[in-house]
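Asker: The structure follows.
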Amino acid sequence: MEKSGVFKKIHALARLIPEGRVACYGQLARVAGLPRGARMAGWAMMAEPEGAPVPAHRVIHADGTLCVGSDWAYTQRRLLLEEGIPFDDKGRVRLRECQMDDIELMLLAGEGPL
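According to my numbering, the sequence shown is numbered sequentially starting from 9.
Here it is as structure tokens:
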């Protein structure tokens, strides 16, 4: 799959993440068919998508951290807090309470479990 196709797939998956839930870059990559493509998912999320907006704030690092060292991290945190996403005392998202799993993403994408 070429890069633009991968980016479109990642954007489509991110659009499926409902308010109040999060997914990790690696999850989006796995469901898109790139088992070791977390970095590619990150690049996709930084690219400006065509069409409907992508809720990029709902995509985070696997350890619950946000994009550190950038102005985006402050915006991301504010948007997540507005959606009721819980954070721990170290500023990480409490994943057990709001993270989607791969199967949920696959089902929302109409793909079902592998």
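A virtual CB, placed ideally from N, CA and C, is assigned to each residue, including glycine.
Name, in chain order, the residues that DSSP records as bridge partners for residue 107.
Answerer: DSSP lists 30 as partners of residue 107.
Asker: Can we say the stretch 81-91 touches the stretch 35-43, given the rule of at least three CB pairs closer than 8 Å?
Answerer: no
Asker: Between the Cα of residue 91 and the Cα atoms of 115, 45, 109, 28, which residue gives the shortest distance?
Answerer: 28
Asker: Give every residue of the same chain whose Cβ lies closer than 8 Å to the Cβ of residue 30, excluding the five residues on either side of it in the sequence, and list them in chain order.
Answerer: 66, 67, 68, 88, 93, 101, 103, 106, 107, 108
Asker: Measure the alpha-carbon distance for residue 112 versus residue 51 and round it to whole angstroms.
Answerer: 23 Å
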